[in-house]
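Yeah, the sequence shown ends on 114 if you go by my numbering, and it's all consecutive. Encoded as structure tokens, the structure appears first; notes follow it.
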Amino acid sequence: MADVRETPARPIAAGLLGAGVAVSYHDPYADEFTVDDGRALPRATDLQEALNQTDVAILLQDHSCYAREALGRARCALLDTRGTVADSRVTLL
């Protein structure tokens with residue numbers, strides 16, 4: 022099981038849920054993920070399918086198994102908080 026105790030994903034997911042946004046996650050190491058109030062988020066098991074079915078994806082952790090080329094080809098908008106994916110549609114923070 023992944024150590025998600027201090028991940029920034031919790032407050033981000035909670036804020037999005039509070040704004041009425043449908044939120045799911047993909048993480049090859051975390052089988053389950055809950056926000057601080059205990060709500061479990063649905064897990065996407067197929068990254069490419071998830072990217073093709075969402076409007077916005079947020080990259081918070083640059084796992085080595087994430088192919089940068091695949092992320093750069095995502096049909097959705099990609100907010101890359103790690104600054105690792107080079108593409109003209111990617112917002113770098």
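All C-beta atoms in this analysis are idealised placements derived from N, C-alpha and C, irrespective of residue type, glycine included. The structure displayed is predicted, hence computed values, not measured ones.
From the DSSP output, in three-state form, read off R31 for me.
helix
So who's on the other strand from V77, going by DSSP bridges?
A98
Could you check the C-alpha separation between R96 and A71 for me, to the nearest Å?
10 Å
Restricting to Cα atoms, I'd like to know which of P49, A35, V44, A98 is closest to P63.
V44
Alpha carbon to alpha carbon, how far is H84 from D101?
12 Å
How many angstroms separate the CA atom of D76 from the CA atom of A98?
6 Å
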